[in-house]
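>
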Amino acid sequence: MAFWSSSPHLPLLLLGLLSVLLHPPATGIRFVKSNIQLPSDDDLPAFREAPAFRNSDNCALQNHVHIVMTLDVNYIRGTMAAVLSMLQHSTCPDNLSFHFLCLHYQPKIFSTIKSTFPYLKFNVYYFDSTRVQGKISRSIRHALDQPLNYARIYMSEILPQDVKRVIYLDSDIIVVDDITKLYEVDMEDKVVAAPEYCHANFTSYFTDNFWKDPKFSRTFEGRTPCYFNTGVMVVNVEKWRRGRYTYKVERWMRIQKKRRIYQLGSLPPILLALAGDIKAVDHRWNQHGLGGDNYEGKCRSLHPGPISLLHWSGKGKPWLRLDSQRPCTIDHLWAPYDLYRSSRVALEE
Ligand SMILES: *[C@@H]1O[C@H](CO)[C@@H](O)[C@H](O)[C@H]1NC(C)=O
Ligand SMILES: *[C@@H]1O[C@H](CO)[C@@H](O)[C@H](O)[C@H]1NC(C)=O
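When the letters of the sequence shown are read in order and numbered with mature numbering (1 follows the signal peptide of the UniProt record, and there is no 0), they come out as residues -28 to -1, 1 to 321.
In structure tokens, the structure reads:
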């Protein structure tokens, strides 16, 4: 039980674990398969209304915590679950301010969020995909090539100028700790703070075209680059803007178009611009890879150590695996946050 020891949210995690034990995959949770349809643009899934979460008494001096996520019909179920998990584990949920980036103007997205979270402080912004037109190269996984994946590079242009610091989060995450703790990390003079993985083989994120060309391989001179996952980042957007990081990342995307210096999507150009120059935060803030690898989405188990954020990065997504009645054990930790008004719920009601 060592993983859970330092989590303040033991009961909830235990509940999740308990449901895993009580409901072995494929028998405990049943979905009526034929009723499940992939949502299209005009056919957003329906969600149940989340309970109202209220600030505790000592939030008067609490600043806003700005959280940026993308909104897309295929991932909205993940986004909703992620928002619920953050509200539920915050001491000051009223002070969380959400900024959603989406590709199309869809009034229904706004009303869906409003009806699911009637008390949520949020704004929806339109990300103009022509910004990345002609700059995206094909990666090893089609889903990584969606323009919205690149929106995180443009946050400093999209968000209002009075927003100085944000947490950027992917949609396939669950937070089981107070997100304010991550927001308040001492960033020193850095532009980005994130967990760093210095044991990962950094070389493998770039191709021989990159390492064999001296003008490219000099990129990391004077830095000790380590892998970090760009799905969970604290970003000082003001410093990002002043340091022209959008331009720096775009420059690598243009080089990639001509020279194929990496295989993945939006991650490598951000590593090129920032790896070895970020503020490292505790690994508990990104237990990543729970979706398996980029090819098969195999089941993965938790790494040892305390956990504040679970991240289903990789090909497998918990809502799809649960719907297919072939969930991984770890997916049962996601399920309690699912607000999707599924056929299962309809039957129970
Ligand atoms: C955070 O919420 C408290 C109410 O609990 C409020 O007094 C305070 O002004 C809020 N902070 C901000 C920055 O809005
Ligand atoms: C790291 O990856 C590169 C390229 O994929 C490989 O050639 C090298 O042997 C790996 N190094 C280690 C220490 O595994």
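Idealized CB from N, CA, C, for every residue including glycine.
1. To the nearest angstrom, how far is the alpha carbon of residue 245 from that of residue 234?
2. Please report the straight-line C-alpha distance between residue 241 and residue 18, rounded to a whole angstrom.
3. Please confirm whether residue 80 and residue 16 have their CB atoms less than 8 Å apart.
4. Using only the alpha-carbon positions, how far apart do residue 163 and residue 180 sit?
5. Along the chain, where does the alpha helix (DSSP H) containing residue 41 start, and where does it finish?
6. With distances taken from CA atoms, which of 223, 255, 126, 128 is nearest residue 166?
7. In chain order, what are the residues with a CB under 7 Å from some non-hydrogen atom of ligand 2?
8. Using CA coordinates, which residue listed in 214, 221, 216, 186 is at the minimum distance from residue 202?
9. To which residues does DSSP link residue 69 through a beta bridge?
10. Return helix, strand or coil for residue 192, following the three-state DSSP convention.
11. Under 8 Å Cβ to Cβ from residue -8, same chain only, skipping five residues before and after it: list those, please.
12. Could you tell me whether the Cβ atoms of residue 237 and residue 116 are closer together than 8 Å?
13. Using the Cα positions of residue 298 and residue 288, report the straight-line distance between them to the nearest angstrom.
14. Pick out every residue whose C-beta is nearer than 6 Å to a heavy atom of ligand 1: which are they, in chain order?
15. Quick check on residue 137: does DSSP put it in helix, strand or coil?
16. State yes or no: is the C-beta of residue 107 within less than 8 Å of the C-beta of residue 70?
17. Per DSSP, which residues does residue 74 bridge with? Please list them.
18. If the criterion is Cβ atoms closer than 8 Å, does the pair residue 143 and residue 22 meet it?
19. Please report how far the alpha carbon of residue 278 lies from the alpha carbon of residue 217, in whole angstroms.
20. Where does residue 308 fall in DSSP's three states?
Let me lay it out:
1. 14 Å
2. 36 Å
3. yes
4. 29 Å
5. From DSSP, residue 41 is part of no alpha helix (DSSP H) but of the beta strand (DSSP E) over 37 to 43.
6. 255
7. 173, 175, 176
8. 221
9. 38, 93
10. helix
11. Note that residue -8 scores 35 on pLDDT, short of 50, meaning its location in the model is unreliable; the coordinates nonetheless yield the value given after this. There are no such residues.
12. yes
13. 11 Å
14. 27, 31, 32, 34, 35, 36, 64, 66, 67
15. strand
16. no
17. 43, 98
18. no
19. 32 Å
20. helix
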